[in-house]
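Below: one structure, written as structure tokens.
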Ligand code: DLL
């Protein structure tokens, strides 16, 4: 089965626009009438709901930023009384109160539909067993994937994140065909499988649906090789619905993820000016919900940096987004150069000398910021070399010294920034224990 909802997924663009515009008009009318925050936004600009007739009118509206959710905590942006919602989720903020999002029964149906579409695009089918290793709880990943997989009539194994030994036992005993988790947790599972010397033939895994944090082709290559799967990208955020805002097709890997445009209208804008950027160029992703009932969002500023483009040769008509390069609020500026950690990860692609376990350490000396890369030596290589007893001995080895030099040069050449590269022995750098993993250790405020 290629599509979960072929009519919608292949709807010609003019019809898709018509549908979006009809839905947008309804959405705008609803928020104007029911959410004081939005009414004020319109009134301050002398706008009426009738001024927003098509998606091309959206630019008249301001962006909605995370602050709006904080200021209206917990239920101030809901269109309905809380008693009309059937579920609440939270996204943990870095400080203070979380962001709260609510769903009506219809919202949950749409959430399940977009996940069912996404899983189908990822290669999953009715009847397959799916180990759901996203966290269950206030995080949207676990329950979101769960309901969508059930809608597709997969057999869901709701194991949640963590407990890697048990994950592997169930992968073997249940012969699950699919797994979904964060890419960093997929690496943790792959590493333990390797360490235990488990033969991949004892597993039946075919598909991995990975998201909730940025990842690159370098991690894809490692996960695919070590788990024997086809790995695709799933993207989403709580404020818009959760996972399932966009998804990569398993036969179109590396060409971007379809945004389910009949429910979420995307824009890419310049991070400084807020102006739209031409198709294919990178900027901040902004989403407007078209069908949300409990908590619609107008022009939500995600902070995620990506690009959008229409792929005329693709299976579906919906616009594609490239991988998330990083979050604009987490972008490092080092000696005037903008840096996302995914750029360092991308440099590691095809490297046999190092593993995908790395961490960026940001330091400040005086007024100067600098970044160092901690990276682990490939355990296979390490083992092979290692008759020596200590890391120091290994580091003295000519082959390691040469690899070290080459990586330092490659980073400088490809990113345009000199970084000190610190080699570590396998197992030193933090791993995902089931959820999102931070790749940056910022020591500047300490
Ligand atoms: O992470 C929803 C999700 C769950 C997506 C499971 C995919 C799979 P939040 O906790 O609200 O929701 O975090 C949303 O995570 O704005 C991005 O910065 C990041 N993110 C999510 N998916 C991806 C991805 C969930 N595929 C924030 N690639 C978003 C890169 C991602 N970053």
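Numbering (my numbering), first residue to last: 1471 to 1916.
For each residue, glycine too, the CB sits at the ideal point set by N, CA and C.
Assignment of residue 1522 by DSSP, reduced to helix, strand and coil, places it in the coil class. Under the rule that a run must span 3 or more residues, the beta strand (DSSP E) segments found entirely inside the stretch 1679-1710 read 1700-1707. The Cβ atoms of residue 1656 and residue 1600 do not sit closer than 8 Å to each other.
Distance from the C-beta of residue 1703 to the nearest heavy atom of ligand 1 is below 7 Å.
By the 16-neighbour rule on beta-carbons within 10 angstroms, residue 1872 is exposed.
Counting C-beta pairs closer than 8 Å gives three or more between the stretch 1496-1507 and the stretch 1755-1774, which meets the contact rule. Contact annotation: residue 1816 and residue 1688 have beta-carbon atoms nearer than 8 Å.
The C-beta distance from residue 1899 to residue 1827 rounds to 4 Å, short enough to fall under 8 Å. In the assembly as shown, residue 1718 is a buried residue. Its beta-carbon has 16 or more other beta-carbons within 10 Å.
DSSP places residue 1773 inside the beta strand (DSSP E), whose first and last residues are 1770-1776. Residue 1843 and residue 1808 do not touch by the CB rule: their CB atoms are close to 17 Å apart, not below 8 Å.
Taking 7 Å as the cut-off, one finds no heavy atom of ligand 1 near enough to the beta carbon of residue 1581. Cα atoms of residue 1525 and residue 1480: separation of roughly 20 Å, rounded to the nearest angstrom. A Cβ-Cβ distance of about 5 Å is found for the pair residue 1714 and residue 1588, placing them in contact under the 8 Å criterion. With 16 or more other Cβ atoms from the protein chains shown falling within 10 Å of its own Cβ, residue 1791 counts as buried. Taking C-beta separations shorter than 8 Å and ignoring five residues to either side along the sequence, the partners of residue 1731 in its chain run 1486, 1490, 1788 and 1789, following chain order.
Out of 1793, 1697 and 1584, the CA that lies nearest to the CA of residue 1668 is found in 1697.
Boundaries of the beta strand (DSSP E) around residue 1601: 1599-1602. Distance from the CA atom of residue 1662 to the CA atom of residue 1473, rounded to whole angstroms, is 34 Å. Look at residue 1797: its beta carbon is less than 7 Å from one of the heavy atoms in ligand 1.
A direct Cα-to-Cα measurement between residue 1813 and residue 1746 gives close to 24 Å.
Taking the Cα of residue 1912 as reference, the smallest distance to any Cα among 1802, 1881 and 1483 is reached at 1802. At least 8 Å separates the beta-carbon of residue 1729 from that of residue 1756.
Rounded to whole angstroms, residue 1742 and residue 1773 show a C-alpha spacing of 11 Å.
The beta carbon of residue 1799 is closer than 8 Å to those of 1773 in its chain, skipping five residues each way along the sequence. In this model, residue 1636 and residue 1531 are separated by some 49 Å (Cα to Cα). For residue 1571, the closest C-alpha among the options 1609, 1646 and 1580 is that of 1609. Unbroken beta strand (DSSP E) stretches of 3 residues or longer found wholly inside the stretch 1596-1680: 1599-1602, 1625-1627 and 1648-1651, given in chain order.
Beta-bridge partners of residue 1830 (DSSP): 1843 and 1910. Taking a C-beta distance under 8 Å as the contact criterion, residue 1694 and residue 1702 do not qualify as a contact pair. Using a Cβ distance threshold of 8 Å, residue 1593 and residue 1535 do not count as a contacting pair. Shown here, residue 1551 sits in coil according to DSSP, grouped into three states, outside any helix or strand.
In terms of side-chain proximity, the C-beta atom of residue 1794 is found nearer than 7 Å to a non-hydrogen atom of ligand 1. Residue 1860 sits away from residue 1846, with the two beta carbons spaced by 8 Å or more.
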